[in-house]
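In order, the protein sequences belong to chains W and R. Each residue of the first sequence is one higher than the one before, counting from 312 in the numbering used here. Each residue of the second sequence is one higher than the one before, counting from 4 in the numbering used here.
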Amino acid sequence: MSVTETFLIANRLEEIPLLAEKIDTFAALHDIEPAKIFQVNLVIDELLTNVISYGYPQHGDHQIEITLALQEEQLEITIVDDGQAFNPIEQAPEVNLDASVEERRVGGLGIYFMHNMMDAMAYRREDGCNKLQLTKKL
Amino acid sequence: MRKAASTNNEKVDKNMLEIKSECTDNVLVIAPAGRLDGITSREFSEKIIALIEANSPRVVLDLAGLNYISSEGLRVILTAAKKSKSGGGTLTLCAAQPSVHEVLTISGFAPMLGVHATVEAAVSTVRN
């Protein structure tokens with residue numbers, strides 16, 4: 312069994328919660344555990360926030376494509392954007408989990424969540440686009 | 004009986020964040036409900052800092068109504084915790100839903116700030 316659904320969003324932060332609602336609907340329809348889809352939505356939010364905030368220094372209107380492919384035991388998430396080349400997998404998450412309140416910084420947490428919550432990640436730059444593929448075991 | 008400092012009778016959009024607060028015996032309890040993300044975090048940041056300045060650096064964040072948090076939301080909580088600390092107080096958390104609790108654990112925020120089961124337990128921690 313394999314079910315695929317593709318969502319297109321504009322490069323605006325306001326699109327992210329609307330996409331999350333659609334992903335929740337997809338998950339409910341296919342009996343995906345809410346705790347798993349929470350993590351999928353969180354990682355997608357973190358990655359899209361990066362792309363929308365930093366991927367388009369010239370601004371302008373762009374489309375980002377998010378595809379969910381549900382297989383038997385896993386969900387594959389593919390994010391394609393035409394922003395600046397950026398491989399989030401290469402970014403070593405610099406997160407100091409043991410820091411005190413005074414010393415703690417939040418930068419890098421989004422990438423850290425991706426490494427922590429996804430089971431596999433693959434990136435390629437192709438046709439002027441970033442193509443990031445994430446796998447979440449269900 | 005807890006009294007909300009601000010009320011909003013309109014239906015709460017689940018993509019928005021509703022913020023209620025009350026200050027009793029020098030302990031400020033703030034209850035954000037809804038989504039704390041890149042969109043709602045800016046308003047939450049302004050409100051929480053203003054509330055701490057106007058009321059008390061002893062702060063409890065009641066997360067019972069919070070159904071989503073991203074790193075942008077964590078950033079605001081950290082900013083508020085630093086503000087609280089610099090004012091001689093403490094900021095702690097309570098009543099987080101399981102998925103939000105997991106984000107707090109993975110990010111290291113749970114051990115750093117504490118996540119109590121109830122508002123009462125959190126209040127007694129920041130009071131001492």
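Yeah, the Cβ is synthetic: ideal placement off N, Cα and C, and Gly gets one too.
Minimum Cβ-Cβ distance from residue i to chain W less than 9 angstroms
i, result
"residue 107(R)", "no"
"residue 81(R)", "yes"
"residue 13(R)", "Below a pLDDT of 50, predicted positions are generally treated as unreliable, and residue 13(R), at 44, falls in that range; no measurement from the model is reported."
"residue 67(R)", "no"
"residue 84(R)", "yes"
"residue 21(R)", "no"
"residue 123(R)", "no"
"residue 128(R)", "no"
"residue 74(R)", "yes"
"residue 3(R)", "Nothing about residue 3(R) can be reported from this structure: the residues present for chain R run from 4 to 131 only."
"residue 77(R)", "yes"
"residue 18(R)", "yes"
9 angstroms Cβ cutoff, residue i in contact with chain R
i, result
"residue 410(W)", "yes"
"residue 403(W)", "no"
"residue 318(W)", "no"
"residue 407(W)", "yes"
"residue 421(W)", "yes"
"residue 388(W)", "no"
"residue 480(W)", "With chain W covering 312 to 449 only, the question about residue 480(W) has no answer from this structure."
"residue 445(W)", "no"
"residue 430(W)", "no"
"residue 356(W)", "yes"
"residue 349(W)", "yes"
"residue 424(W)", "yes"
"residue 346(W)", "yes"
N- and C-terminal bounds of the beta strand (DSSP E) containing residue i
i, result
"residue 124(R)", "Careful: residue 124(R) lies outside any beta strand (DSSP E), inside the alpha helix (DSSP H) at 122-130."
"residue 343(W)", "Neither: residue 343(W) is in no beta strand (DSSP E) and is coded neither H nor E."
"residue 325(W)", "Careful: residue 325(W) lies outside any beta strand (DSSP E) and carries neither H nor E."
"residue 443(W)", "440-448"
"residue 24(R)", "20-27"
Residue range of the alpha helix (DSSP H) that includes residue i
i, result
"residue 43(R)", "First-last for residue 43(R): undefined, no H or E at that position."
Fill in: Chain-ordered residues of the segment 33-56 of chain R with a beta carbon less than 7 angstroms from chain W
38, 40, 41, 42
Worksheet item: Okay, do the segment 400-409 of chain W and the segment 418-434 of chain W touch, 3+ Cβ pairs below 8 angstroms being the bar?
Response: yes
Fill in: the segment 364-378 of chain W / the segment 113-130 of chain R touching (three or more Cβ pairs under 8 angstroms)
no
Worksheet item: Quick one, which residues of the segment 94-119 of chain R are near chain W if we go by CB-CB under 9 angstroms, in chain order?
Response: 94, 101, 102, 103, 105, 106, 109, 110, 111, 112, 114, 115, 116
Worksheet item: Quick one: complete beta strand (DSSP E) runs, 3+ long, within the segment 345-433 of chain W?
Response: 374-381, 385-392
Worksheet item: Quick check: the segment 388-399 of chain W against the segment 437-447 of chain W, are there 3 or more CB pairs under 8 angstroms?
Response: yes
Practice prompt. Could I get the ranges of all uninterrupted beta strand (DSSP E) runs contained in the segment 61-99 of chain R, with 3 residues as the minimum, in chain order?
Written response: 62-65, 69-72, 94-97
Worksheet item: Mind listing which residues of the segment 319-344 of chain W have their C-beta closer than 8 angstroms to chain R's C-betas, in chain order?
Response: 324, 325, 327, 328, 329, 331, 332
Fill in: contact_flag[the segment 339-350 of chain W, the segment 48-61 of chain R] where n(CB pairs < 8 angstroms) is 3 or more
no
Discussion item. Taking contact to mean 3 or more Cβ pairs, one atom from each stretch, closer than 8 angstroms, check whether the segment 60-73 of chain R and the segment 36-46 of chain R are in contact.
Written reply: yes
Discussion item. Three Cβ pairs or more, each shorter than 8 angstroms: is that satisfied between the segment 374-384 of chain W and the segment 313-320 of chain W?
Written reply: yes
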